[in-house]
Each structure stands twice: as structure tokens, then as C-alpha cells.
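Going by mature numbering (1 follows the signal peptide of the UniProt record, and there is no 0), the letters in the sequence shown line up with residues -17 to -1, 1 to 127, in that order.
Each residue gets a CB set at the ideal place from its N, CA and C atoms; glycine is no exception.
Here's the structure, in C-alpha cells; my notes come after.
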Amino acid sequence: MHSTLFALFAFASTAFTASIPRAASELKPFEISGLNFTQSAGSDTAAVRFYVNDLNTNDLTICGDDDVLPNQLRFCNGIPQYVFGSDFKTLAVSWLWLPNGVQNHTAASVTTDIALNCVDDSSEQGKKQCHADTIRVVPTIVAP
């Protein structure tokens, strides 16, 4: 499943000129925080919100939407891209830095399991309100 998630990533078109990691030894973790997830019983979609903090550039981006489907590539408010696995318990995040155009880009990607803590939402029968603790993950450079 992890390779399927990576296959969904495409290149972003946003340029970013901050300090860019050049090697895996320079790469700092991504921090995924504030993950909130709501899904109604029988629904294929979920409302998802979370933050991605790139500790390489100190760029904090909000991600999420109201109709997120599993295995569907989504873009955050900014550079990162994300996709959830088929059970919404796996999350892949990709970040692309383009300091001097596409020819000199660096891309990093990570896939992680998510432990959702869920409670019933009293506003609708069968609706779940879930959150996850902050996740710190070290990405892999996938393009030099």
C-alpha cells in the first residue's frame, strides 16, 4: 500500500527559496499535528484537518478538506501534498523544494501509520470524531 501512496504524488509548481536539505543526513523531520478527522457512518469521505511543519524550513502549512477520499491526492495550503490510505489509518506526505527551478528540485516523502483516538459524535448517530497525537516523521529524499 505504501508504494501505491507514493505513486499518487506529482510535482507541485510552487517555488520555495529557503534553506533546502541536499542530503538525507541534512534532512529534519516533518511534524504532523492537530489531526482531526470526522466521518459519518456509511460515508466514504471524511472531513480532515491537520498541520504539517517542515522543520527544514520552519514552514507550517494547514492541510485538509471536508470531502477527503482515501487514495486521493490532495494539496495543502502551500507546498505539501498528502494522501490517506484506504482505511484512513495511513498518511503519506510529500514536500517539494524548487530553489532554482524544476531542474534543481529536491523532493522528500514519508508514509506513516496513524493511531486515531475516536469518540461517538452526539450530533449524528454513527458519526465519529477522531484525533491523533502529534507525529514526528523523518522523510526520505526521493529526488535529488
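Under 8 Å by Cβ, that's how I've got Ala29 and Thr40 pegged, so tell me the actual separation to the nearest angstrom. No, Ala29 and Thr40 are not in contact; Cβ-Cβ is about 29 Å, not under 8 Å.
Is it right to say Gln64 is buried, meaning 16 or more other beta carbons lie within 10 angstroms of its own, or is it exposed? Buried is the label assigned to Gln64, since at least 16 other Cβ atoms lie within 10 Å of its Cβ.
In whole angstroms, give me the CA-to-CA distance for Val93 and Ser77. C-alpha separation (whole angstroms): 7 Å.
According to DSSP, is Glu9 part of a helix, a strand, or is it coil? In this structure, Glu9 counts as helix in the three-state DSSP scheme.
Using 8 Å as the Cβ pair cut-off and three pairs as the minimum, do the segment 98 to 107 and the segment 51 to 60 touch? Too few Cβ pairs lie closer than 8 Å, so no.
Determine the extent of the beta strand (DSSP E) in which Asn41 is found, giving its start and end residues. The continuous stretches of beta strand (DSSP E) do not include Asn41, and DSSP gives it neither H nor E.
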